[in-house]
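Right, one structure below, let's go through it.
Chains as they are written, first to last, in full-length UniProt numbering: chain X, 1 to 406; chain H, 1 to 257.
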């Protein structure tokens, strides 16, 4: 065995270890002031790798824009576009936004500047500032060319890894050592550093998002509130399922831990606020924009039958005041879970809902059914009468009339 | 289309050669003479294989490969006597809503995925044993045929990739290693993959399906190049020019002879 060659194998191994240590969980906050846009208005791909990516993304956008999952209500889509116009920085006029009917907390930005916002996100936001915060974060991904930088980073690291692997194999082969274990270690190092780069980009998007938000006159604290809400929802959802929220937001996560993000966002928000300027959350404008679609959004969420998450979402929205719709859907959560005692909670929800003038017809229907089950025939009859009065053409009108007689 | 391509590709053993594998409806006879063929917008992508083995799409290569493939397809079909229309966009058909075309493409994606799974990936269905190719696009395809007067619709997918100089360098290193006992003579990199699916617009059935895989396990050795006239013609030839009739048709022909 040649000592020189075996030392090279060891060096290869040490290099791999160093890579994995470099991806440790410690992180430093990205400063909003350092986050200027990397592209201007009307940006088009320039380099070959970026052009290839754009060409593929054009096909993706064609599919997305033609998807039947999209909510195409003109007023709502115009409203979303106006938000991207406010917080989109220099590319405000170039970016597109699509609203998909998916009851999840998510939004995705694609490398060519179009974003897909999930309807579950609209439901969870309490005001326009919170939604604009998410849109600003997604815009930042585009403005800072994150997808391209991510791809280049991955290419560079897999290139380096291939040579390292081949080098270790060659050296090992020459020295008669099996280098497989070291190669695996190097592979782990490569994967870990890829994820780290991803987390750095998310932190960049947060920092820049806060800045775009404050520049547009929104309260930049809205972004950390959003994270607070996400953490609360995940916790309650897990608790109702008698599980712990997945706390492994460390080495193998692409996004930084929500707690860390929330803390960083708070500090950054304070940093970007200018003395003397007023910042607003635009609560009522948001309520108005969402008025027609909110019943559908709530219904989609509650039908996921994730009682912890649904209850959290409803409680969060109710911080700005209860209404008939929220109370009705609160009843629905328990009726759908249907464990022992849940019928009582559901009945309480319906009974509370009908006290509000904006209670939906279905609240009266279910209130009537619950009263009937409890043996309160006369009250049930008047609840059903109210239901039929509000929804005379309901598909189950004949059935309800039958229940009133029987 | 792309993911369907990946599913089909996974079914072809990765060896350094050219492979094709076709299936046909038992009553299929290859179109000849006076037929009208509609070629749905071909999905083409060409990329470069990075040193680390990732495929990086290249817009300029893709564009030239698409143009060459369309030209080769026109020449090949003209030789067979067919009346061919190639859709370059979803809106290329006059009088047909692009959304109708998009719906049919999506439907074919789902049906093609099922063919990939049950004919190529080994999850064979006992209910389809001995039935040749037994899939249909149904009424939507028939409606398109009625609206446009075409007899057949052809769905095409082709990808090609070429090893970058870094990948070739890595390959050279791997072969050099054979002299010291660490042999990585076939790291692979680059290659062609394509599939074609023919639907009969009078019945809506998918009557013929074929895949072509042409790849080398040694990075740097090309098995074809669809960016060139010859390469594109070669792929069209491998993919479409050797259509075999379905089983029942073959048996009847054997009896006559």
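Quick reminder that beta carbons are idealized off the backbone N, C-alpha and C, glycines included. It should be emphasised that the depicted structure is a prediction, and the values quoted were computed from it without experimental measurement.
| Item | Value |
| --- | --- |
| So is residue 4/H in contact with chain X if we call contact Cβ pairs under 7 Å? | no |
| So, does the CB of residue 170/X fall closer than 7 Å to a CB anywhere in chain H? | yes |
| Any C-beta of chain H sitting closer than 7 Å to the C-beta of residue 67/X? | no |
| Quick one: is residue 57/H near chain X, going by C-beta distance under 7 Å? | yes |
| Which one or two residues does DSSP pair with residue 64/X in a beta bridge? | In DSSP, residue 64/X forms no bridge with anything. |
| Drop a sphere of 10 angstroms on the beta-carbon of residue 401/X, count the other beta-carbons inside from all chains shown, and report buried for 16 or more, exposed for fewer. | exposed |
| May I ask you to report which of helix, strand or coil DSSP gives residue 240/H? | helix |
| Mark residue 179/H as exposed unless 16 or more other C-beta atoms lie within 10 angstroms of its C-beta, in which case mark it buried. | exposed |
| Is there a C-beta anywhere in chain X that falls below 7 Å from the one on residue 52/H? | yes |
| Using a Cβ-Cβ cutoff of 9 Å, what residues of the segment 128–154 of chain H are near chain X? List them in chain order. | none |
| Would residue 295/H count as contacting chain X if we go by Cβ distances under 7 Å? | No information on residue 295/H is available, as it lies outside the stretch 1 to 257 that chain H covers here. |
| Return the chain-ordered list of same chain residues with a C-beta closer than 6 Å to the C-beta of residue 86/H, the five sequence neighbours on each side being excluded. | 39 and 70 |
| Determine the direct distance from the alpha carbon of residue 154/X to that of residue 247/H, and round the result to whole angstroms. | 49 Å |
| Just to check my reading of the structure: residue 239/H and residue 166/X have Cβ atoms closer than 8 Å, yes? What is that Cβ distance to the nearest angstrom? | Between residue 166/X and residue 239/H the Cβ distance is about 35 Å, and since that is not below 8 Å, they are no contact. |
| Which partner residues of residue 109/X appear in the DSSP bridge assignment? | 115/X |
| Hey, does residue 243/X have any beta-carbon neighbour from chain H nearer than 7 Å? | no |
| By DSSP, does residue 216/H sit in helix, in strand, or in coil? | coil |
| Exposed or buried, what is residue 276/X when buried is set at 16 or more other beta-carbons lying within 10 Å of its beta-carbon? | exposed |
| List, from N- to C-terminal side, the beta strand (DSSP E) runs of 3 residues or more that fit wholly inside the segment 19–102 of chain H. | 36–39, 43–49, 55–57 and 83–86 |
| I'd like to know whether the C-beta of residue 158/X is nearer than 7 Å to at least one C-beta of chain H. | yes |
| Roughly how many angstroms separate the alpha carbons of residue 218/X and residue 269/X, rounded to a whole number? | 11 Å |
| Using 8 Å as the threshold, is the segment 221–228 of chain X in touch with the segment 121–135 of chain X, meaning 3 or more CB pairs across them? | yes |
| With a threshold of 7 Å on Cβ separation, who are the neighbours of residue 21/X within its own chain once the five nearest residues in sequence on each side are excluded? | In this prediction, residue 21/X scores a pLDDT of 36, lower than 50, which makes its location untrustworthy; the coordinate-derived value is nonetheless stated afterwards. Result list for residue 21/X: empty, nothing under 7 Å. |
| Can you find the residues in the same chain that come closer than 8 Å, C-beta to C-beta, to residue 357/X, ignoring five residues on each side of it along the sequence? | 324 |
| Which chain H residues sit within Cβ distance under 9 Å of residue 147/X? | By Cβ distance, chain H contributes nothing, its closest Cβ being about 13 Å from residue 147/X, past 9 Å. |
| Can you name the residues of chain X whose CB is closer than 8 Å to the CB of residue 191/H? | Under the 8 Å cutoff, chain X gives no residues; its nearest Cβ is about 18 Å from residue 191/H. |
| Using 7 Å as the limit for Cβ to Cβ distance, is residue 155/X near chain H? | yes |
| Keeping to the same chain, check which residues put their C-beta closer than 7 Å to that of residue 44/H; ignore five residues upstream and five downstream. | 62, 65, 66, 69 and 158 |
| For residue 22/H, tell me which candidate among 229/H, 216/H, 194/H and 231/H has the shortest Cα-Cα distance. | 194/H |
| Rank 53/X, 341/X, 39/X and 33/X by C-alpha distance to the C-alpha of residue 150/X and give the top, closest one. | 53/X |
| Using the Cα positions of residue 353/X and residue 363/X, report the straight-line distance between them to the nearest angstrom. | 6 Å |
| Residue 102/H versus chain X: which residues are under 7 Å apart at the beta carbon? | 66 |
| Beta-carbon separation of residue 344/X and residue 203/X under 7 Å? | no |
| Taking all protein chains shown into account, decide if residue 225/H is buried (16 or more other Cβ within 10 angstroms of its Cβ) or exposed. | buried |
| Would you please verify whether the beta carbon of residue 370/X is less than 7 Å from any beta carbon of chain H? | no |
| Can you name the start and end residues of the alpha helix (DSSP H) that residue 161/H belongs to? | Taken as a continuous stretch (DSSP letters only), residue 161/H belongs to no alpha helix (DSSP H), being part of the beta strand (DSSP E) at 152–163. |
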